[in-house]
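Participant:
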Amino acid sequence: MNPRLRKVLSVTLTVLVVAVALVVLRHLWRYYMRDPWTRDAHVGADVVQVAPDVSGFVTEVRVGDNAPVERGQVLFVIDQARYRIVLAQALGALEQSQAHLAQSRAALLQSLASQRQLEREVSRDRALKDLVATEEIETRRANLDKANAAVAAAQASIGADEANIASAKAAVALARLNLERTVVHSPVAGRLNDRTVRLGDYVSAGRPVLAVLDTSSFRVDGYFEETRLHGIREGDRVDIHIMGEPGVLRGHVQSIAAGIEDRYRSTGASLLPNVNPAFDWVRLAQRVPVRIGIDQVPRSVRLIAGRTATVSIVPAGDGAPAATARVDRR
């Protein structure tokens with residue numbers, strides 16, 4: 389080979405190697421030093437605790453451990469016998485109050501009839517004047533006063549009966565609601581997280597017995613060093629590597645935490661600040677939670693709350709595919 393040509397090829401090859409090395413170094417510097425990323429990330433989801441609204445023994449369990457559930461699906465049923473009896477008692481009390489109201493209204497009609505009759509007699513006595521004995525006039529006036537009092541009493545009794553009916557209706561509504569609440573439904577669509585309630589268990593109102601993981605709320609919580617926050621904005625695209633899963637998931641920054649706990653400072657018994665000593669030459673960057681929404685999940689990827697992930701923020705304006713020429717930080 390011509391020595392001159394060999395020299396040209398050698399120089400050209402050297403230039404190409406140096407150029408490729410510079411491109412790779414620039415990419416690595418940008419990837420590791422400029423673009424925010426962290427291995428400290430985990431898959432998260434909302435966990436809804438299911439607690440019965442009434443107490444009693446569990447008579448039916450209609451779901452299994454770690455089973456998928458739909459919103460409104462029946463999870464378990466509490467013994468309904470006691471609540472049916474309470475509802476029957478409330479309905480009986482309501483009927484009794486309504487019957488008493490009917491009696492009070494009948495008494496009012498009778499009192500009004502007597503009142504009108506006595507008013508006519510008193511008016512006639514006034515017209516006849518001296519033709520009617522004084523004693524008879526006074527008797528009729530006294531009877532009219534009694535009739536007026538009877539009308540007022542009947543009206544008051546009706547008011548009390550109507551109040552009792554309203555209270556009885558409320559008791560019926562509460563009894564019917566408690567009976568309905570013996571059937572416990574799933575508040576969200578998701579998956580049970582290890583069923584704990586068993587047939588025959590006694591459950592108490594307000595005490596959680598099941599946990600349903602809301603599968604529509606899956607996200608990734610990444611904990612970035614505070615020195616990397618300047619490169620993170622809400623809406624930025626994110627590459628998500630879930631440990632044990634091939635490929636890359638796409639996501640976006642939903643929010644950045646507004647505060648974290650200051651573990652180096654607290655308030656002592658004297659209500660004065662208690663500041664731990666720190667070394668000026670060794671300062672560890674705090675980690676700030678960043679909430680990352682997952683845009684799309686392939687069927688092959690199994691999202692489980694708590695799984696470990698690595699997340700990389702894709703800077704705005706970077707149109708290159710996030711998976712090309714990327715070093716796997718996992």
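Residues are numbered in my numbering as their position in the sequence shown, beginning at 1, plus a constant of 388. Built from N, CA and C at the ideal position, the CB exists for glycine as well.
Can you tell me where the beta strand (DSSP E) with P372 in it begins and where it stops?
Facilitator: Since the first and last residues shown for the chain are 389 and 718, residue 372 lies out of range.
Participant: In three-state DSSP terms, what is Q437?
Facilitator: Correct three-state label for Q437: strand.
Participant: Please tell me whether V449 and R586 are closer than 8 Å, where the distance is taken between their beta carbons.
Facilitator: In this structure, R586 lies closer than 8 Å to V449 by Cβ.
Participant: Of all the options N454, A495, R675 and H618, which has the alpha carbon lying nearest to the alpha carbon of R583?
Facilitator: Minimum Cα distance to R583 is reached at N454.
Participant: What three-state label does DSSP hand T402 in the structure shown?
Facilitator: Three-state result, T402: helix.
Participant: For P677, name the three-state secondary structure that DSSP assigns.
Facilitator: Three-state result, P677: strand.
Participant: CB G727 to CB R675, shorter than 8 Å?
Facilitator: Outside the displayed range of the chain (389 to 718) lies residue 727, so it cannot be described from this structure.
Participant: For R616, I'd like the list of residues in its chain whose CB is within less than 6 Å of its CB, leaving aside the five on either flank, ordered along the chain.
Facilitator: Cβ within range, chain order: P424.
Participant: For a minimum of 3 consecutive residues, which ranges assigned as the beta strand (DSSP E) are wholly contained in the stretch 555 to 636?
Facilitator: 571 to 573, 578 to 580, 598 to 602, 607 to 613 and 625 to 630, all fully within the stretch 555 to 636.
Participant: Does DSSP classify S502 as helix, strand or coil?
Facilitator: The answer is helix: DSSP assigns S502 an H, G or I state.
Participant: Specify, as a first and last residue, the run of the beta strand (DSSP E) that G444 falls within.
Facilitator: G444 to V449 is the extent of the beta strand (DSSP E) around G444.
Participant: Within 7 Å: the Cβ of L404 and any heavy atom of the ligand HEM?
Facilitator: The ligand HEM is not among the ligands present in this structure, which contains no ligands whatsoever.
Participant: Leaving aside the five residues before and after V571 along the sequence, list all residues of the same chain whose C-beta is less than 7 Å from its C-beta, in chain order.
Facilitator: These residues qualify, in order along the chain: V462 and V465.
Participant: By a C-beta neighbour count over all protein chains shown, 10 Å radius and 16 as the cutoff for buried, is N664 buried or exposed?
Facilitator: That one is exposed.
Participant: Please return the same chain residues whose Cβ sits closer than 8 Å to the Cβ of P703, not counting the five positions on each side in sequence.
Facilitator: Correct list, in chain order: R422, D423, G619 and D624.
Participant: Quick one, are the C-beta atoms of V641 and I692 less than 8 Å apart?
Facilitator: No, the Cβ-Cβ distance between V641 and I692 is not below 8 Å.
Participant: Between the stretch 543 to 555 and the stretch 481 to 491, can you find at least three pairs of beta-carbon atoms closer than 8 Å?
Facilitator: As far as the Cβ criterion goes, the stretch 481 to 491 touches the stretch 543 to 555, which means the pair count is three or higher.
Participant: For D428, report the span of its beta strand (DSSP E) as first-last.
Facilitator: W425 to G432 is the extent of the beta strand (DSSP E) around D428.
Participant: Does the separation of the CB atoms of V438 and S499 fall below 8 Å?
Facilitator: Not in contact: V438 and S499 (Cβ atoms no closer than 8 Å).
Participant: With a threshold of 8 Å, are at least 3 pairs of Cβ atoms found where one atom belongs to the stretch 390 to 406 and the other to the stretch 642 to 651?
Facilitator: These segments do not touch.
Participant: Would you kindly check if the distance between the Cβ of G444 and the Cβ of R470 is under 8 Å?
Facilitator: Yes, they are a contact pair.
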